[in-house]
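For the sequence shown, the numbering used here gives the first residue as -14, with consecutive numbering after it. Every residue, glycine too, gets a C-beta built ideally from N, C-alpha and C. Some notes on the structure that comes next.
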Amino acid sequence: MIIAWVECFFMPSRVRQYNAAQAIYISNQILGTAGPYASPAALAVTHCPACNSPIESAAVYCPHCGAAITHTSLATQPAL
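So, in C-alpha cells, the structure goes:
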C-alpha cells in the first residue's frame, strides 16, 4: 500500500516524459528526418498530393493534413 501511495506522485512525471519521447519519435517519422549522409536531392521540397502543402521529399506523411505520401521508384531514381 505504501509503494502504491508513493508511485501515485511519481507516475505522472514519468508518463509525461515517456509521452514526450514518443511524440519526438513520431514527429521525426512523419517528417522523414534525413540523416547526415543524405543526398541533397532527398532534402528537396515537394508538395502533398492531398492538400498541396510543401513537404520534404523524404516525408512519409504530410505534417499538415496527415495524408500518406507514396514515393514511386521512378521518383527516387537519379536523373541520367
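Which two residues bound the contiguous alpha helix (DSSP H) that contains residue i?
i, result
"V(-9)", "-13 to 16"
Quick check: the Cα distance between residue i and residue j, rounded to an integer number of angstroms?
i, j, result
"I(-12)", "C33", "51 Å"
"V45", "N4", "21 Å"
"L59", "T31", "In this prediction, L59 has a pLDDT of 44, which is less than 50 and means its spatial position is unreliable; what the coordinates show is noted afterwards. Near 15 Å, if we compare the C-alpha coordinates of T31 and L59."
"R(-1)", "I54", "34 Å"
"N13", "F(-5)", "28 Å"
"L16", "C36", "16 Å"
"G51", "M(-14)", "44 Å"
"I11", "E41", "16 Å"
With a threshold of 16 other CB atoms inside 10 Å of the CB of residue i, please say whether the residue is buried or exposed.
i, result
"A43", "buried"
"I9", "exposed"
Would you kindly report the start and end of the unbroken beta strand (DSSP E) that includes residue i?
i, result
"T49", "Per the sequence presented here, residue 49 reads as His, with Thr not at that position. Looking at the DSSP string, H49 is not in any beta strand (DSSP E), and its letter there is neither H nor E."
"T31", "30 to 32"
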